[in-house]
Ligand code: T4K
C-alpha cells in the first residue's frame with residue numbers, strides 16, 4: 003500500500019536491481035561480515051569522497067561516537083564540554099564512557115557550540131570537547147582547535163549530520179582529533195545502519211579496530227577489551243551503491259531547499275538558520291525557526307501539519323540535558339540560547355524525491 007504521509011525524511015535507495023546485483027557475490031563467497039571485501043572497499047571509497055586520511059567503518063553512528071571517545075582512554079569522571087542541542091546519542095556516548103558532560107550554550111544563528119563560552123567551562127578535570135555540526139552547520143573549527151591546543155584537550159566532532167561537507171581542499175572529517183559520521187537510514191548518505199570515524203593518526207585505526215572487533219588480532223590473541231561494532235557486508239554494499247548516486251542526491255536536496263527558501267522568505271515570523279560561506283552544504287535538514295516578534299507557536303504549526311499527514315520533527319527538542327535521565331545529574335551551566343532554539347525550531351520534510359507540489363502544500367499550511 004502506498005503511504006500518502008509525508009515524513010521528515012525518506013531513505014535514499016539505489017534501484018532494486020542495482021542492489022540485488024551488487025549483493026549477488028555474497029551467495030558465492032558466504033562471507034557476510036568481519037571486515038570483508040566490501041567493508042574494505044567502502045572504507046577506501048569514503049576516504050576519497052570525504053577527503054580524509056583515515057576512515058574506520060562502524061555498525062552505526064552511535065557506536066562510532068562511543069568507541070571514538072573510548073579510544074582516548076580518559077580517566078573515569080573526567081569532564082567533556084559539549085552541547086545539549088543535539089540528538090540524545092551525543093550525550094549518551096559521553097555518559098556511557100563514564101565521563102561527565104558539561105553543557106555549553108550554542109549560537110542562535112546556526113545551532114553550533116558557542117566557542118566564546120567554552121573556556122569558562124574548562125576545569126582541571128576537562129579532557130575533551132565534543133562539538134556537534136548540527137544540521138550539517140559547521141562549528142568554528144579553528145577557534146575550537148585553538149582552545150583545545152591551549153588546554154591540551156582532545157576534540158571529537160559529532161559530524162553525524164555533516165556527510166560530504168568540505169571547504170575545497172579538505173573534508174570536514176579532517177578537523178579535530180576525530181570526527182564521527184552517521185550512515186543511518188535517515189541520513190544524506192546511508193548504509194541502512196552504519197557510521198564511521200575519520201582521523202589523521204593511523205594509530206587510532208588500530209585502536210578502533212580492536213574496540214569494534216572484541217580486541218581480537220588473531221585466533222589466539224586478544225589485544226584489548228573491545229566491543230562488537232563491525233559493519234556487515236550487506237550494509238557496506240548498500241553504502242557502495244548509494245555512494246555512486248550521492249552527488250545527485252545532494253543536488254536534489256539542494257533543489258528542494260531552494261524551493262523552500264523562495265516560499266519561506268515570504269512567510270512572516272519564520273527564519274532560517276545561517277550557513278557559512280567557507281563550507282559547502284549537504285542539505286541534510288531544513289530547519290525553520292519561529293521568531294519572537296510574531297505570535298505563532300511552533301507546536302501549533304507542528305500539530306497543524308500532522309493533522310494534514312505531514313510529519314515535520316522538533317529536532318532537537320527537548321535539550322538532552324533536560325531529558326529525565328539527565329535532569330539535574332551534572333554540573334549545572336546555563337544554556338538559554340539552546341533552550342530558546344529547541345523551543346522554536348522545526349525540521350521540515352526534506353529528502354530526495356520530495357515533490358514540488360508537496361513543498362507548495364507544506365508552505366501553504368505554514
Ligand atoms: N549524533 C547525532 C547528532 C545524531 O543526529 C545521530 C542520529 C547520532 C549521533 C547517532 O547516529 P546513529 O547511531 O543513529 O547512526 C533519527 C535517526 O534514527 C537518527 O539516526 C538521527 N540521528 C536522528 C536525528 O533521527 P528518529 O527517532 O527521529 O527516527 P525515526 O524512526 O522517527 O525516523 C524519522 C523519519 O525517517 C521517519 O518518520 C521516516 C523516515 N525513515 C525512517 C526509517 C527508520 C525512513 O525513511 N526510513 C527508515 O528506515 O531518529
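Residue numbers (the working numbering): 3 to 368.
We put the CB at the ideal spot given by N, CA and C, even for glycine.
Nothing here was measured: the structure is a model prediction, and the numbers come from that model.
On the criterion of 16 or more Cβ atoms from any shown chain inside 10 Å, does residue i qualify as buried, or is it exposed?
i           : result
residue 135 : buried
residue 355 : exposed
residue 372 : What the structure shows of the chain is the stretch from 3 to 368, and residue 372 is not part of that stretch, so it cannot be assessed.
residue 172 : exposed
residue 189 : buried
residue 195 : buried
residue 201 : buried
residue 152 : exposed
residue 3   : Here residue 3 scores only 47 on pLDDT, less than 50, and its place in the model is too uncertain to base an answer on.
residue 305 : exposed
Using only the alpha-carbon positions, how far apart do residue i and residue j sit?
i           : j           : result
residue 115 : residue 217 : 34 Å
residue 46  : residue 100 : 33 Å
residue 352 : residue 360 : 11 Å
residue 8   : residue 340 : 28 Å
residue 10  : residue 27  : 35 Å
residue 51  : residue 166 : 7 Å
residue 314 : residue 204 : 41 Å
residue 275 : residue 164 : 15 Å
residue 321 : residue 223 : 43 Å
residue 6   : residue 69  : 39 Å
residue 44  : residue 161 : 18 Å
residue 144 : residue 137 : 19 Å
residue 285 : residue 89  : 18 Å
residue 149 : residue 20  : 47 Å
residue 185 : residue 106 : 26 Å
residue 128 : residue 273 : 36 Å
residue 290 : residue 33  : 45 Å
residue 211 : residue 58  : 8 Å
residue 292 : residue 363 : 19 Å
residue 250 : residue 16  : 12 Å
residue 227 : residue 215 : 9 Å
Could you have a look at residue i and say whether DSSP puts it in helix, strand or coil?
i           : result
residue 138 : helix
residue 80  : coil
residue 350 : strand
residue 263 : helix
residue 223 : strand
residue 3   : Because residue 3 carries a pLDDT of 47, less than 50, the predicted location of this residue cannot be relied on, and the following value inherits that uncertainty. It is coil, neither helix nor strand.
residue 331 : coil
residue 216 : coil
Would you mind reading off the limits of the beta strand (DSSP E) that contains residue i?
i           : result
residue 60  : 56–60
residue 290 : 288–292
residue 10  : From DSSP, residue 10 is part of no beta strand (DSSP E); its letter is neither H nor E.
residue 130 : 128–132
residue 105 : 102–105
residue 273 : 272–274
Alpha helix (DSSP H) containing residue i: first to last residue?
i           : result
residue 316 : Premise fails: residue 316 is in no alpha helix (DSSP H) and is neither H nor E.
residue 96  : 90–97
Checklist entry - Could you give the uninterrupted runs of the alpha helix (DSSP H) lying entirely in the segment 141–211, keeping only those of 4 residues or more? => result If we require 4 residues or more, the alpha helix (DSSP H) runs fully inside the segment 141–211 come out as 143–153.
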